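**Q**
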Ligand code: KIV
């Protein structure tokens with residue numbers, strides 16, 4: 577993906593979009609080498625990388641720090657940065673300033689905001705400022721306390737209607753794509769069909785226009801993964817074995833060997 581038109585083109589041409597949420601130089605570099613379409617610097621960084629219970633404490637400066645590292649690792653990849661909790665909710669003016677700060681200081685390509693109708697005017701103004709916006713509906717982790725936990729959204733008729741309405745309003749407000757998180761597959765399919773902009777799903781079945789997974793989740797680095805995650809490799813197990821082997825070899829005087837020693 578070079579620009580937001582490529583996202584629309586991908587949907588028109590029925591080409592699935594791949595997105596990985598990640599936060600560091602080295603993982604971004606691997607994503608670019610693997611040909612991943614776009615990278616999200618997600619505010620999940622707070623939970624995954626910093627061990628927080630929610631994404632709420634993550635700050636703009638932390639997002640920018642991680643986004644700059646990702647940009648250095650993946651200079652040719654389309655990078656989207658999450659606007660963290662309370663960087664866009666208080667006022668439209670503050671939201672536009674903060675979106676601009678993220679763009680200027682991280683050299684990313686777009687920002688992502690969680691929410692629907694309640695943030696539509698904010699999205700509109702950010703887009704008018706020339707900043708591409710990705711939407712995010714369904715399970716919106718910044719509202720975890722209001723939602724009563726991390727649970728699947730859109731199971732009742734009312735929730736379903738609200739998510740559909742939110743997606744429509746976001747498209748009218750000018751988003752170039754929408755993340756659908758933790759919603760039933762048939763709801764994701766319905767939204768994907770009526771929107772012109774592509775949907776990127778996580779825990780939303782396989783009828784969306786693209787899929788996003790968190791790098792650390794798919795690499796099996798975390799102890800447990802939710803149902804929707806496919807662990808493509810058991811990274812934690814591999815790292816654990818390597819670290820145990822290093823520890824044993826150092827203690828037994830095996831490492832460093834001749835081949836790792838300067839003469
Ligand atoms: O913060 C994040 O990583 C996200 C994705 C899970 C969509 O928002």
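Numbering (the working numbering), first residue to last: 577 to 839.
Backbone N, C-alpha and C define an ideal beta-carbon position, used for all residues, glycine too.
Computed from a predicted structure; not experimentally measured.
1) Could you check the C-alpha separation between residue 654 and residue 749 for me, to the nearest Å?
2) For the ligand KIV, enumerate in chain order all residues having a CB closer than 7 Å to any of its heavy atoms.
3) Tell me, to the nearest whole angstrom, how far the beta carbon of residue 593 is from that of residue 586; I am working on the premise that it is less than 8 Å.
4) Near residue 811, what residues of its chain come up, given a Cβ to Cβ distance below 6 Å and the 5 sequence neighbours on each side ignored?
5) Could you name each continuous alpha helix (DSSP H) segment of 4 residues or more that falls completely within the segment 656-715, going from the start of the chain to the end?
6) Give the range of the alpha helix (DSSP H) segment to which residue 758 is assigned.
7) Less than 7 Å between the beta carbons of residue 753 and residue 774, yes or no?
8) I want to check one thing, is the minimum distance from the CB of residue 633 to the heavy atoms of the ligand ZN below 6 Å?
9) For residue 769, which option in 623, 784, 820, 727 has the closest C-alpha, if you only look at C-alpha atoms?
10) Determine the contact status of residue 634 and residue 615, defining contact as a CB-CB distance below 7 Å.
11) Kindly indicate which residue of 745, 694, 677, 726 has the alpha-carbon position closest to the one of residue 686.
12) Helix, strand or coil, according to DSSP, for residue 620 in the structure here?
13) Using CA coordinates, which residue listed in 627, 617, 649 is at the minimum distance from residue 640?
14) In the structure shown, what three-state DSSP assignment does residue 597 receive?
15) Is residue 728 near residue 764, with beta carbons less than 7 Å apart?
16) How many angstroms separate the CA atom of residue 829 from the CA atom of residue 658?
17) Would you grab the beta carbon distance between residue 712 and residue 755 for me? Rounded to a whole angstrom, and I think it's under 8 Å.
18) For the alpha helix (DSSP H) containing residue 746, name the first residue and the last one.
19) Is residue 732 buried or exposed, if buried means 16 or more other CB atoms sit within 10 Å of its CB?
20) Using only the alpha-carbon positions, how far apart do residue 665 and residue 602 sit?
21) What is the rounded straight-line gap between the Cα of residue 737 and the Cα of residue 767?
22) Counting only the same chain and skipping the five closest in sequence on each side, list residues whose C-beta sits under 8 Å from that of residue 668.
23) Whole angstroms is fine: what's the gap from residue 824's alpha carbon to residue 815's?
24) Does the beta-carbon distance from residue 643 to residue 608 come in below 7 Å?
25) Taking 8 Å as the limit between beta carbons, can you name the residues of its chain near residue 831, skipping five residues before and five after?
26) Would you kindly report the start and end of the unbroken beta strand (DSSP E) that includes residue 778?
**A** Considering the structure as presented:
1) Here the question's residue 654 lines up with position 78 in the chain shown. Here the question's residue 749 lines up with position 173 in the chain shown. C-alpha separation (whole angstroms): 21 Å.
2) Taking every residue with its beta carbon within less than 7 Å of a heavy atom belonging to the ligand KIV gives, in chain order, 597, 616, 618, 619, 620, 631, 658, 688, 712, 717, 755, 757, 778, 788, 790.
3) In the chain shown, residue 593 corresponds to position 17, counting from 1. In the chain shown, residue 586 corresponds to position 10, counting from 1. That belief holds up - the Cβ atoms of residue 593 and residue 586 are roughly 5 Å apart, short of 8 Å.
4) To locate residue 811, count along the chain shown from 1; it is residue 235. Once the five neighbours on either side are set aside, the close Cβ partners of residue 811 are 795, 796, 797.
5) With a minimum length of 4 residues, the continuous alpha helix (DSSP H) runs that stay inside the segment 656-715 are 668-682, 696-704.
6) Translated into the one-based positions of the chain shown, residue 758 becomes position 182. Following the DSSP letters along the chain, one finds residue 758 in no alpha helix (DSSP H), marked with neither H nor E.
7) Along the chain shown, read from residue 1 onward, the residue named residue 753 stands at position 177. Along the chain shown, read from residue 1 onward, the residue named residue 774 stands at position 198. Result yes, Cβ atoms of residue 753 and residue 774 sit closer than 7 Å.
8) With respect to the ligand ZN, the structure shown offers nothing to examine, as its ligands consist of the ligand KIV.
9) Counting from 1 along the chain shown, the entry for residue 769 is found at position 193. The shortest CA-to-CA distance from residue 769 to any of 623, 784, 820, 727 is the one to 784.
10) Numbered from its first residue, the chain shown carries residue 634 at position 58. Numbered from its first residue, the chain shown carries residue 615 at position 39. Taking 7 Å as the Cβ cut-off, residue 634 and residue 615 do not qualify as a contacting pair.
11) Position 110 of the chain shown holds residue 686. Minimum Cα distance to residue 686 is reached at 677.
12) For this step, residue 620 is matched to residue 44 along the chain shown. Residue 620 falls in the coil class under three-state DSSP.
13) The residue labelled residue 640 in the question sits at position 64 within the chain shown. Measuring from the Cα of residue 640, the nearest candidate turns out to be 617.
14) Numbered from 1 along the chain shown, position 21 holds the residue referred to as residue 597. In the structure shown, residue 597 sits in a strand (DSSP, three-state: E or B).
15) Position 152 of the chain shown, counting from 1, holds the residue named residue 728. Position 188 of the chain shown, counting from 1, holds the residue named residue 764. No, the Cβ-Cβ distance between residue 728 and residue 764 is not below 7 Å.
16) Stepping through the chain shown from its first residue, residue 829 is reached at position 253. Stepping through the chain shown from its first residue, residue 658 is reached at position 82. One Cα belongs to residue 829, the other to residue 658, and the distance between them is close to 47 Å.
17) For the purposes of this step, residue 712 is identified with residue 136 of the chain shown, where counting begins at 1. For the purposes of this step, residue 755 is identified with residue 179 of the chain shown, where counting begins at 1. Confirmed, Cβ separation roughly 4 Å.
18) Here residue 746 refers to the residue found at position 170 of the chain shown. Start and end: 733-749.
19) In the chain shown, residue 732 corresponds to position 156, counting from 1. That one is exposed.
20) By 1-based counting over the chain shown, the position of residue 665 is 89. By 1-based counting over the chain shown, the position of residue 602 is 26. Looking at the two C-alpha atoms, the distance is approximately 32 Å.
21) Here residue 737 refers to the residue found at position 161 of the chain shown. Here residue 767 refers to the residue found at position 191 of the chain shown. Our two residues, residue 737 and residue 767, have alpha carbons roughly 11 Å apart in a direct line.
22) Locating residue 668 in the chain shown gives position 92, where the first residue counts as 1. Excluding positions up to five away in sequence, the list reads 697, 698, 701.
23) Here residue 824 refers to the residue found at position 248 when the chain shown is read from its first residue. Here residue 815 refers to the residue found at position 239 when the chain shown is read from its first residue. Taking the Cα positions, residue 824 is about 14 Å away from residue 815.
24) Position 67 of the chain shown, counting from 1, holds the residue named residue 643. Position 32 of the chain shown, counting from 1, holds the residue named residue 608. Taking C-beta atoms as the reference points, residue 643 and residue 608 fail to come closer than 7 Å.
25) Start at 1 with the first residue of the chain shown, and residue 831 comes out as number 255. The residues are 822, 825.
26) Start at 1 with the first residue of the chain shown, and residue 778 comes out as number 202. Membership of residue 778 in the beta strand (DSSP E) is indicated by the continuous run 775-778.
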